[in-house]
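Since the structure comes first, as structure tokens, the remarks are kept for the end.
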Amino acid sequence: MSAQETSTDKSFENSHALDPAATADSQQQIDQEIADLHGGYRAAVESGESKEETQPRINFAPYRSSLLRHPTKNLHHADPETIELWSPAFGERDVHALESDLTIQHNGEPIGERIVVQGRVLDGDGRPVAGQLIEIWQANAAGRYIHKRDQHPAPIDPNFTGVGRAITGPNGEYKFTTIKPAPYPWKNHHNAWRPAHIHFSLFGTDFTQRMITQMYFPGDPLFSLDPIYQSITDQKARDRLVATYDHSVTSHEWNTGYNWDIVLTGSNRTWMEDGEDEH
Amino acid sequence: MAQAPDLKLVPTPGQTIGPFYGYALPYADGHKLVDRAHPGSIRLHGTVYDGKGAVVPDSMLEIWQADEHGNIAQKDGSLVRDGFTFTGWGRVAVDNVGHYTFQTVNPGATDEGKAPFIMLVVFARGLLNRLFTRIYLPEDTAALENDPLLKSLSEEQRKTLIATREENGDLRFDIHLQGENETVFLAYPRNGE
Numbered sequence: 001m002s003a004q005e006t007s008t009d010k011s012f013e014n015s016h017a018l019d020p021a022a023t024a025d026s027q028q029q030i031d032q033e034i035a036d037l038h039g040g041y042r043a044a045v046e047s048g049e050s051k052e053e054t055q056p057r058i059n060f061a062p063y064r065s066s067l068l069r070h071p072t073k074n075l076h077h078a079d080p081e082t083i084e085l086w087s088p089a090f091g092e093r094d095v096h097a098l099e100s101d102l103t104i105q106h107n108g109e110p111i112g113e114r115i116v117v118q119g120r121v122l123d124g125d126g127r128p129v130a131g132q133l134i135e136i137w138q139a140n141a142a143g144r145y146i147h148k149r150d151q152h153p154a155p156i157d158p159n160f161t162g163v164g165r166a167i168t169g170p171n172g173e174y175k176f177t178t179i180k181p182a183p184y185p186w187k188n189h190h191n192a193w194r195p196a197h198i199h200f201s202l203f204g205t206d207f208t209q210r211m212i213t214q215m216y217f218p219g220d221p222l223f224s225l226d227p228i229y230q231s232i233t234d235q236k237a238r239d240r241l242v243a244t245y246d247h248s249v250t251s252h253e254w255n256t257g258y259n260w261d262i263v264l265t266g267s268n269r270t271w272m273e274d275g276e277d278e279h
Numbered sequence: 001m002a003q004a005p006d007l008k009l010v011p012t013p014g015q016t017i018g019p020f021y022g023y024a025l026p027y028a029d030g031h032k033l034v035d036r037a038h039p040g041s042i043r044l045h046g047t048v049y050d051g052k053g054a055v056v057p058d059s060m061l062e063i064w065q066a067d068e069h070g071n072i073a074q075k076d077g078s079l080v081r082d083g084f085t086f087t088g089w090g091r092v093a094v095d096n097v098g099h100y101t102f103q104t105v106n107p108g109a110t111d112e113g114k115a116p117f118i119m120l121v122v123f124a125r126g127l128l129n130r131l132f133t134r135i136y137l138p139e140d141t142a143a144l145e146n147d148p149l150l151k152s153l154s155e156e157q158r159k160t161l162i163a164t165r166e167e168n169g170d171l172r173f174d175i176h177l178q179g180e181n182e183t184v185f186l187a188y189p190r191n192g193e
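Protein chains in written order, with full-length UniProt numbering: chain A, 1 to 279; chain B, 1 to 193.
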């Protein structure tokens, strides 16, 4: 059986359904909408009307799927209570050390550029997030996911599933060995292509720090065309999602290397003097 | 709202989970915080809707809660469930009709007199950042009256956070990403947003 058949999940049969009206829009139309939204943002910041944005807009019309799926009311500010100040625990029982190498999960070598992505997970106060779960998933070197609804006619790699897990080390460090993913087409508009990216799922020390994001590769020519990446209106904030090529992480005749640090939000918990929690 | 001190580092922006997480994040028994045979086991279920009332079949939900005595578990084994340890955490992908089910227990109050709730996080294609909310249990009306978050909401908004108890003891909690019954979603001081 192919990897696709073994990984089929019936619950995702409709997951790729998109508004058919949206798929006719041209890249030019999407680019203009992005330019207008970014222009409006910059003008508001320069005139002092708004402060700098550091997160994506959850309503970003060039990303058509956001239209009916974003809350229209402002997020309600809440003081976190007991359960929210803790996160679920993960450990060696949950994640095997080998799960951070996505190139050894099958019988043969996956096709593509072998890369190492490493970095640290910190909270907003600069404290390392140690012993916590990181999960990644991604397309293969041809831009294909192991997902039933990904019907892009690019080859499946029988030696690459594109799923990895790790537990962060004592200094919040992580390291994944994988294959560089390729761009792939999607149906947001006519001729829409996503920049190459790796999805990251992260937990902090509080559940209020839970997040999912995407890491991109430096110099991608698709950045300016991508409404998901551009939903972050501030250039400095967008840059935070781009990894840095690091030749010291590259190894002789084996892999190229990237660094990418991730900052979660601030912990709401009252910490002990030495930064250790009590349990 | 409490003013929190400034963060030293700016948080990394979030991005959508996208449509193709289904082979990566859901795992066996992710919905099962307890076995069905566990005393006090209940089903927590509901549907995720968009602004037109259509179901959102490519969303993923996670819950995090105290056990029935109000204790917060700090035990690993959340991904590789052993069938005995209560870890308090669950993850589920909704089905083709936007419906989800968790097998869990009613959380106890973590502090005397506090209204018990389950924390919920929503991810979906089209949703550019995760959304936090709370699922309150409907029973302890005195505690609900005194809950600081619920007190700060209108009657209409409050309703969106309180689950319905069904005849068989199950909890029903629907999520409306926008629209008339839009669920109240939360941000926390110090979240940098």
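All residues carry an ideal CB built from backbone N, CA and C; glycine is no exception.
Fair warning: this is a prediction, and the values are worked out from it, not measured in the lab.
Item: Residue nearest to His169 (chain B) in terms of C-alpha spacing, selected from B:Arg43, B:Val34, B:Lys8 and B:Asp6; Value: As written in the sequence, residue 169 (chain B) is Gly, which differs from the His given in the question. Taking only the C-alpha atoms, the option nearest Gly169 (chain B) is B:Arg43.
Item: Neighbour flag for Tyr41 (chain A) against chain B, beta carbons, 8 Å; Value: no
Item: Cβ-based contacts, 7 Å cut-off: residues of the region 73 to 96 of chain B near chain A; Value: Gln74, Lys75, Asp76, Gly77, Ser78, Leu79, Val80, Thr87, Gly88, Trp89, Ala93, Asp95 and Asn96
Item: Ser248 (chain A) in three-state terms, based on DSSP; Value: coil
Item: Below-8 Å beta-carbon distance, Asp79 (chain A) vs any chain B residue; Value: yes
Item: Below-8 Å beta-carbon distance, Tyr23 (chain B) vs any chain A residue; Value: yes
Item: Trp254 (chain A) classed as buried or exposed, judged by whether at least 16 other C-beta atoms fall within 10 angstroms; Value: exposed
Item: Residues that Ala142 (chain A) contacts on chain B, provided the C-beta gap is smaller than 8 Å; Value: Within 8 Å Cβ-Cβ: nothing; Ala142 (chain A) doesn't reach chain B, min ~14 Å.
Item: Supposed close pair Val94 (chain B), Val56 (chain B) - CB separation, criterion 8 Å; Value: 7 Å
Item: Whole-angstrom distance between Glu99 (chain A) and Asp12 (chain B), CA atom to CA atom; Value: Going by the sequence as given, residue 12 (chain B) is Thr instead of Asp. When rounded, the distance between both Cα atoms is 24 Å.
Item: Per-residue DSSP class, three states only, for Glu173 (chain A); Value: strand
Item: Contact set between Asp125 (chain A) and chain B, taken where Cβ atoms lie within less than 8 Å; Value: Leu7, Lys8 and Leu9
Item: Rounded separation between Arg91 (chain B) and Thr205 (chain A) - CA only; Value: 18 Å
Item: At least 3 beta-carbon pairs within less than 8 Å: the region 86 to 101 of chain A vs the region 226 to 236 of chain A; Value: no
Item: Chain A residues whose Cβ lies nearer than 9 Å to that of Phe132 (chain B); Value: Leu75, Ala78, Glu84, Phe207, Thr208 and Arg210
Item: Same chain only: Cβ atoms within 7 Å of Gln103 (chain B), ignoring 5 sequence neighbours per side; Value: His31, Lys32, Leu33, Val34, Arg36, Ser41 and Arg43
Item: Local Cβ density within 10 Å of Lys151 (chain B), reported as buried at 16 or more and exposed below that; Value: exposed
Item: Entirely enclosed beta strand (DSSP E) segments - the region 124 to 162 of chain A, minimum 3 residues; Value: 133 to 138
Item: Min CB distance Ile17 (chain B) to chain A below 8 Å; Value: yes
Item: Test: Trp137 (chain A) CB closer than 8 Å to a CB of chain B; Value: yes
Item: Candidates A:Leu222, A:Asn59 and A:Pro221: closest to Gln178 (chain B) by CA position; Value: A:Asn59
Item: Where Thr103 (chain A) falls: helix, strand or coil (DSSP); Value: coil
Item: Phe84 (chain B) in three-state terms, based on DSSP; Value: coil
Item: Test: Leu149 (chain B) CB closer than 8 Å to a CB of chain A; Value: yes
Item: Supposed contact pair Val117 (chain A) and Ala243 (chain A) - C-beta distance, whole angstroms, cut 8 Å; Value: 6 Å
Item: Contact under 8 Å by Cβ, Ala66 (chain B) with Thr110 (chain B); Value: yes
Item: Neighbouring residues, chain A, relative to Glu193 (chain B) (Cβ below 8 Å); Value: Thr54, Gln55, Leu75 and Thr265
Item: Counted within 10 angstroms of its Cβ, other Cβ atoms place His197 (chain A) as buried (16 or more) or exposed; Value: buried
Item: Trp260 (chain A) beta carbon less than 8 Å from that of Met211 (chain A); Value: no
Item: Straight-line Cα distance separating Lys187 (chain A) from His152 (chain A); Value: 11 Å
Item: Residue closest to Lys175 (chain A), alpha-carbon to alpha-carbon, out of A:Val263, A:Arg165 and A:Leu68; Value: A:Arg165
Item: Contact list for Thr110 (chain B) against chain A, beta-carbon separation under 9 Å; Value: Glu81, Thr82 and Ile83
Item: Residues that Asn129 (chain B) contacts on chain A, provided the C-beta gap is smaller than 7 Å; Value: Gln55, Pro56 and Ile58
Item: Beta carbon proximity, Glu182 (chain B) to chain A, threshold 8 Å; Value: yes
Item: Cβ of Ser66 (chain A) within 8 Å of any chain B Cβ; Value: yes
Item: Exposure of Ala163 (chain B), with buried meaning 16 or more beta-carbon neighbours within 10 Å; Value: buried
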